[in-house]
Amino acid sequence: MIEIETKKEGAELISIKKDGKEYLHDGVKDWNRHAPVLFPIVGALKENKTEILGNTYEMKQHGFARDSVFEEVLKNENEIKYCLNYNEETLKKYPFKFKLEISYEILQEENKVVTRYEVTNIDDKEIIFGLGGHPAFKCDYSSGDYILKFEKENEDENIEILELTDGLINNKKIDTKSILKKNIINLDKHTFLKDAIIMKNIKSNKIKLINKKENEDVLEFDFTGFPYLAIWSKKGAPFVCIEPWFNTADKIDSNEIFEEKEDIIELKPNEKFKCEYKVKLF
């Protein structure tokens, strides 16, 4: 039996339990969030500023949606849905009219929770944005007892790993095999010393969190359709984040023009952008 809890602030999922066992970070020790949405940017902007349509706007890391109060628009036994419409405050940071809907559905028979994002352009012009998820799962990764395993073999031959410097993507070439061995990332106290591990050009659609000491699968994360996957935690923290992204932070040499950000999502008037990720619990 799967049970979830959410809150209107950030439309955030704050608990996932299967048969009474909690899988999500408690939002208390080391990090005060559980599973925030990243919108309308993923990561940081250079100097927390960007130019949109010729004007300069300021936004903190990962955007404003995670700190906004959403409206609950649907709730039943296995699904809850929230909505955030543009308003005077969002227009000060981001000059587009949008509707952002976030829903969570429990698939009891499959032991899965589905997170869905839907962005609607209600402006009279094209809008552009970034989007991503940031769920944190309970995991004492520093013990060295856990691994992350992609579903496809020899993933290390394809993936490109990006590195952050002060929250921005630098231009360094990372030796993929120093982090990824075939299709496995070994988690230990050294894993996140240089911040998040950001991966692109991934063959797999799924990745598993496994307790290798107990030889037990903890969860399987399906990020089909997302071009980036980031893994992150704080030093010694009792969680690991598995983050599906559509784009990333600014590069250190960014020209700070939002329209020219790599992999920015473009949406014409009245169009919708939809995506989802699924977590299977064991």
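Note that the numbering used here has the sequence shown beginning at 114, numbered continuously upward.
Note that CB positions come from ideal geometry on N, CA and C, so glycine has one too.
Checklist entry - Do you know how far the Cα of Lys173 is from the Cα of Ala157? => result In the sequence shown, counting from the first residue as 1, residue 157 sits at position 44. In the sequence shown, counting from the first residue as 1, residue 173 sits at position 60. C-alpha separation (whole angstroms): 7 angstroms.
Checklist entry - Where does Leu166 fall in DSSP's three states? => result Taking the sequence shown and counting its residues from 1, one reaches residue 166 at position 53. Here Leu166 sits in coil by DSSP.
Checklist entry - Taking DSSP as the reference, what is the three-state secondary structure of Leu187? => result As a working note, residue 187 is residue 74 in the sequence shown. Strand.
Item to check | For Thr233, the three-state DSSP class (helix, strand or coil) | outcome: Locating residue 233 in the sequence shown gives position 120, where the first residue counts as 1. Reduced to three states, the DSSP call for Thr233 is strand.
Checklist entry - Thinking just about the alpha-carbon of each residue, which of Phe242, Val226, Asp363 is nearest to the one in Glu333? => result If you number the sequence shown from 1, residue 333 lands on position 220. Checking every option, the nearest Cα to that of Glu333 belongs to Val226.
Item to check | Where Ile282 falls, given that 16 or more other Cβ within 10 Å makes a residue buried | outcome: Here residue 282 refers to the residue found at position 169 of the sequence shown. Buried, because 16 or more other Cβ atoms sit within 10 Å of the Cβ of Ile282.
Next on the checklist: Closest to Gly338 by C-alpha separation, out of Gly246, Lys286, Ile154, would be which residue?
Outcome noted: In the sequence shown, the residue the question calls residue 338 occupies position 225. Comparing Cα positions, the closest option is Gly246.
Item to check | Extent of the continuous alpha helix (DSSP H) run through Leu204 | outcome: As a first step, residue 204 is located in the sequence shown; it is residue number 91 there, counting from the start. Per DSSP, Leu204 belongs to the alpha helix (DSSP H) from 201–206.
Next on the checklist: Let's see if you can read the secondary structure: which residues bound the beta strand (DSSP E) around Thr119?
Outcome noted: In the sequence shown, the residue the question calls residue 119 occupies position 6. Here the beta strand (DSSP E) through Thr119 covers 115–120.
Checklist entry - Which residues in the same chain have their Cβ closer than 7 angstroms to the Cβ of Thr233, if we skip the five residues on either side of it in sequence? => result What you label residue 233 is simply residue 120 of the sequence shown in a count that begins at 1. Result list for Thr233: Phe211, Lys212, Lys385, in chain order.
Checklist entry - What's the call for Thr119, buried or exposed, on a 16-neighbour Cβ count within 10 Å? => result Within the sequence shown, the letter at position 6 stands for residue 119. When all chains shown are included, Thr119 counts as buried.
Checklist entry - How big is the Cα-Cα spacing for Lys294 and Lys321? => result Reading the sequence shown from its first residue, position 181 is the one you call residue 294. Reading the sequence shown from its first residue, position 208 is the one you call residue 321. Approximately 15 angstroms, taken between the alpha carbons.
Next on the checklist: Helix, strand or coil for Ala343? Go by DSSP, reduced to three states.
Outcome noted: Position 230 of the sequence shown, counting from 1, holds the residue named residue 343. Note: Ala343 maps to strand in three-state DSSP.
Checklist entry - Do you know how far the Cα of Arg229 is from the Cα of Glu276? => result Here residue 276 refers to the residue found at position 163 when the sequence shown is read from its first residue. Here residue 229 refers to the residue found at position 116 when the sequence shown is read from its first residue. Each residue's Cα considered, the two are about 28 angstroms apart.
Next on the checklist: Among Glu389, Glu171, Tyr390, whose alpha-carbon lies nearest the alpha-carbon of Leu204?
Outcome noted: Position 91 of the sequence shown holds residue 204. Considering only alpha carbons, the answer is Glu171.
Checklist entry - Thinking C-beta only, is Leu380 closer than 8 angstroms to Pro248? => result Translated into positions along the sequence shown, residue 248 becomes position 135. Translated into positions along the sequence shown, residue 380 becomes position 267. Their beta carbons are not under 8 angstroms apart, which means Pro248 does not touch Leu380 by this criterion.
Next on the checklist: Below 8 angstroms on the Cβ atoms is my contact criterion, and I expect Ile115 with Ile219 to pass it. Report the Cβ-Cβ distance as a whole number of Å.
Outcome noted: Start at 1 with the first residue of the sequence shown, and residue 115 comes out as number 2. Start at 1 with the first residue of the sequence shown, and residue 219 comes out as number 106. That belief holds up - the Cβ atoms of Ile115 and Ile219 are roughly 5 angstroms apart, short of 8 angstroms.
Checklist entry - Taking all protein chains shown into account, do 16 or more other C-beta atoms lie within 10 angstroms of the C-beta of Asp376, making it buried, or fewer, making it exposed? => result Stepping through the sequence shown from its first residue, residue 376 is reached at position 263. Per the 10 Å Cβ criterion, exposed.
Checklist entry - For the beta strand (DSSP E) that Ile298 lies in, which residues bound it at each end? => result For this step, residue 298 is matched to residue 185 along the sequence shown. It spans 297–299 - the beta strand (DSSP E) in which Ile298 sits, taken as one unbroken run.
Item to check | Nonlocal neighbours in the same chain, by C-beta distance under 8 angstroms from Ile127, ignoring five residues either side | outcome: The count along the sequence shown starts at 1 and reaches residue 127 at position 14. Contacts found: Glu118, Thr119, Lys120, Leu137, Gly140, His147, Ala148.
Next on the checklist: If you follow the beta strand (DSSP E) that Leu261 is in, where does it begin and where does it stop?
Outcome noted: What you label residue 261 is simply residue 148 of the sequence shown in a count that begins at 1. Per DSSP, Leu261 belongs to the beta strand (DSSP E) from 259–263.
Item to check | Among Glu270, Phe371, Phe395, Leu187, the one whose alpha carbon lies nearest that of Asn328 | outcome: Stepping through the sequence shown from its first residue, residue 328 is reached at position 215. The shortest C-alpha separation from Asn328 is found at Phe395.
Next on the checklist: Relative to the C-alpha of Ile365, which candidate in Ala124, Lys162, Lys130, Glu125 has its C-alpha closest?
Outcome noted: In the sequence shown, the residue the question calls residue 365 occupies position 252. Ranking Ala124, Lys162, Lys130, Glu125 by Cα distance to Ile365 puts Lys162 first.
Checklist entry - With DSSP run on the structure shown, which of helix, strand or coil describes Phe396? => result An answer regarding residue 396 cannot be provided, because it is not within the stretch 114 to 395 covered by the chain.
Checklist entry - To the nearest whole angstrom, what separates the beta carbons of Asn191 and Lys393, a pair I think is in contact under 8 angstroms? => result Position 78 of the sequence shown, counted from the first residue, corresponds to residue 191. Position 280 of the sequence shown, counted from the first residue, corresponds to residue 393. The pair is not a contact, with the Cβ atoms about 15 angstroms apart (cut-off 8 angstroms).
Item to check | Residue-level contact to chain C via CB, Ile274, 8 angstroms cutoff | outcome: Looking for chain C here will not work: only one protein chain is present.
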